[in-house]
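Chains as they are written, first to last, in our numbering: chain A, 1 to 294; chain B, 295 to 440; chain C, 441 to 666.
C-beta: ideal position from N, C-alpha, C; glycine also.
Working notes, structure below.
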Amino acid sequence: MSKQFKDVLASGEFVITSEIGPPKGTNIEKMLHHIEILKDKVHGMNVTDNQSSVMRLSSVAVCHIITDHGGEPILQMTCRDRNRMALQSDLLSAYVLGVRNVLCLTGDHISLGDHKGAKQVFDLDSVQLIAAVKSLEAGQDIGGNKLDGGVEFCVGATATPEADNMDSQFLKFRKKIKTGAGFFQTQAVYDMVKLKAFMEYARQSDVKILAGILVLVSAGMARYLNANVAGVTVPQELIDEMAGAEKGKALQKGMEIAARQIKQIKDEKICDGVHIMAIGKEEVVPEILSMSGV
Amino acid sequence: MSEQFEPEIVAFCCHYCAYGAADLAGSMRLNYPANVKIIKLPCTGKVDIIYLLKAFEDGADGVFVVGCLEGNCHFTDGNIKAKRRVARAKKLLDEIGLGGERLDMFNMSASMGPKFAEVAREMTERIKGLCPNPLREKMKNEGGGR
Amino acid sequence: MIVAEQKPIQEIKAMIADHQKVLVVGCATCVTVCMAGGEKEVGIIASCLRMALRIDGKEPQMIEDCIQRQCEWEFVDTLKDKVDGVDAVLSSACGVGVQALAERFPNKPVYPALNTSFMGMPKEHGLWVENCRGCGNCGLGRFGGICPIARCSKGLLNGPCGGSQNGKCEVSKEMDCGWQLIYERLKRLDQLEKLEEILPPKDWSTDRDKGQRRMYRGDVYYEQTV
């Protein structure tokens, strides 16, 4: 899509983003295939940053590859692996490589990943990272030193609509908005009632909210999410629906559910758009979109 | 190991139960191995890890602790404390290289004479299946203790 | 207090295996309270090592002692004669104690018997928790007396991450989410407004990032002038 992501956000159009997971290794064939499939179907491709604390190809490099292929990348940056110097340095690098969107996250804890003995950083938190982007935009680093050439990013952050501690989550949410986050991508949501309640709060500001749609591939995955992933709750009726799918048709069922929810979010104007996560099965995203009719 | 190996075993016995049980086993003329040396304690809660270790250091092939049935300790929970210390000492014995299986804990009441005899036989058989405490061999060679 | 735990016997054994006569010295302060390296534990460590080394065919001599504090010269100095008579010293103190002995007895190898774990307290008998990271710039005043640096697994300053659920941390279901504790406490104190401030990145220059930290107090420090 030729439009810049920030223009899409500003246009009021229903925003659709998806995800690209950098490979573990240098074989980028499958990833390039996903980029080709998605680049004209979505408004932005979110590139994960050592997702789940698993070491992979860097998100900056992959964002650059996406711009080379004519797509619109959204750079995910976590605070886990880099101190404030490296984060700012990578932001400058991403900018000169043509990246114009950045999503600031805290990042999973190092102990959840594949380098459990690594020294984790968290020198900045996600709010401070947003502030760092804003500082670079204003022409100076967060040490107060002037830059020769600044950046201009469309800055986003994340939120968890189904968290059980919404009061303290809203505290962080407010701070992210105050610091300058222009759009939010939510953690996976399955319960539209909870999403609506979250949106009621979020609508107090004019930030754009993209609902996280995580495609279920099996009832087992749904149960795993409920047991192990904070802030994600798959309602029992969806688990039953997945479990009731014909043998070999579970993914199809998961796509149907995703499409249904995307349609509902758009038709009822619940959010400003959706962020579709298919974790390694990005090739199904175009079909989900056509099923949803958006 | 040689069939003739007669293990030296130390039993730390609570005054309120196991010591009585051992006494009863004697009065009942029950047969249990004579190489079990009994040390009477006011409660197994008095069992310190260092007691267990010193027994092995001084050449015991096996050690067991006998306390009251759980819930029946004269001092409320001395036997539970002993159970935990025995568990830690077993780990240390594994680390040392002597093997935690040389140490164990049992629970019984003063009226369970036959049970005491059975436990003494069981420990003796278990230790017979192992080699003698290598530290005892070394002490013998040197003609003395520490 | 400083919380520590004993190293595995085999690891200690490997360090001291080449020394015949070893002084095992405990510390009667923090590590006694956390049951890792006091007088009693010195006895256990020495006994275990004697046995483990004798199984290997060695004839080690272990001298056991315990001083009030290994982190103060006046106590460390009382060990001088004993240290002179051994080949090596095994310290069951925290890392501070081990280094104090190493500095005081420059010609004697000194080895650690413990892993120094953290600054904390016994939350219950037999359960110790870390509560302070010693960052050198205490912010407990704004966090309701609960430290996000020590008790949030990511040390976040502006609120919880998305990994907080049911009051627990994403790292472990046993671990409280430090931020949930902070939030609830300030709510109880009716001080939630304290959390609205957006905190800038922390100045870590008071942490150990500037190298070994030292503190100097003019009113009590008399520089040697001779």
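If you count every other CB in all the chains shown that lies within 10 Å of the CB of A:M77, and 16 or more means buried, which is it? By the neighbour-count rule (16 or more Cβ atoms within 10 Å), A:M77 is buried.
Nearest to A:A61 (by Cα), restricted to the options A:R80, A:S53, A:M31 and A:L216: A:M31
Proximal residues of chain A, C-beta to C-beta of C:I495 below 7 Å: Here the premise fails: no neighbours, minimum Cβ distance about 32 Å.
Provide the residue(s) that pair with C:S532 in DSSP beta bridges, ordered along the chain. Bridge partners of C:S532: C:G466.
What does a CB cutoff of less than 7 Å around C:G574 pick up in its chain, not counting 5 residues either side in sequence? M559
Going by DSSP, what residues sit across from A:H275 in a beta bridge? A:T17 and A:G212
Could you give the distance in angstroms between the alpha-carbon of A:A118 and the alpha-carbon of A:V284? 35 Å
May I have the straight-line CA-CA distance separating B:K340 from B:V360, to the nearest angstrom? 12 Å
Proximal residues to A:K116 (C-beta, below 8 Å), its chain only, five neighbours per side dropped: I110
If we cut at 8 Å on Cβ distances, does B:K432 have a partner in chain C? yes
Can at least three beta-carbon pairs, one atom from the region 460 to 473 of chain C and one from the region 509 to 519 of chain C, be found at a separation below 8 Å? The answer is yes - the region 509 to 519 of chain C touches the region 460 to 473 of chain C, with three or more Cβ pairs under 8 Å.
Assign A:E152 to buried or exposed, taking buried as 16 or more other Cβ atoms, counted over all protein chains shown, within 10 Å of its Cβ. exposed
Rounding to the nearest angstrom, what Cα-Cα distance links A:S126 and A:M199 in this structure? 21 Å
Which residues in the same chain have their Cβ closer than 7 Å to the Cβ of C:N679, if we skip the five residues on either side of it in sequence? Outside the modelled stretch of chain C, which goes from 441 to 666, sits residue 679 of chain C, for which no answer is possible.
State the DSSP-derived secondary structure class of A:M242, mapped to helix, strand or coil. helix
Could you pull the start and end residues of the beta strand (DSSP E) that C:E564 belongs to? L554 to E564
Cα-Cα separation, C:I449 to B:P408: Taking the straight line joining both Cα atoms gives about 39 Å.
According to the neighbour-count rule (16 or more other Cβ atoms, all chains shown, within 10 Å of its Cβ), is A:R260 buried or exposed? With fewer than 16 neighbouring CB atoms inside 10 Å of its own CB, A:R260 falls in the exposed class.
Top-ranked residue by Cα proximity to B:K422, from B:N366, B:C367, B:I374 and B:A354: B:A354
Does any C-beta atom of chain A lie closer than 8 Å to the C-beta of C:P448? no
Could you check which residue in C:I495, C:R494, C:E479 and C:G497 has the C-alpha nearest to that of B:I344? C:E479
Count the other C-beta atoms from every protein chain shown that fall within 10 angstroms of the C-beta of B:K331, then say buried if there are 16 or more, exposed otherwise. exposed
For C:C578, is the classification buried or exposed, using 16 other Cβ atoms within 10 angstroms of its Cβ as the cut-off for buried? exposed
CB contact check: A:T158 to chain C, cutoff 8 Å: yes
Return no unless some Cβ of chain C is closer than 8 Å to the Cβ of A:R82. no
Given this structure, state the Cα-to-Cα distance separating A:V234 from A:A219, to the nearest angstrom. 10 Å
Considering Cα atoms alone, identify which of A:A278, A:D206 and A:M242 is closest to A:L212. Just to set this straight, residue 212 of chain A is Gly in the shown sequence, not Leu. Per the Cα distances, A:A278.
Contacting positions in the region 129 to 160 of chain A - beta carbon closer than 7 Å to chain C: I142, T158 and T160
Alpha carbon to alpha carbon, how far is C:V536 from B:E412? Give it in angstroms, no decimals. 51 Å
Neighbourhood of B:T370 by C-beta distance below 8 Å, restricted to the same chain and skipping five residues each side: none
Determine whether the beta carbon atoms of A:F183 and A:L9 lie at a separation below 8 Å. A contact, by the Cβ cut-off of 8 Å.
Using only alpha-carbon positions, find the residue among A:Q236, A:K134 and A:G156 that is nearest to A:Y190. Per the Cα distances, A:Q236.
Interface flag, C:K498 vs chain A, CB-CB below 8 Å: Not a single CB atom of chain A sits nearer than 8 Å to the CB of C:K498.
Do you know offhand how far C:K461's Cα is from C:S532's? 16 Å
Taking DSSP as the reference, what is the three-state secondary structure of B:L424? coil
Closer than 8 Å to chain B by CB, C:M491: yes
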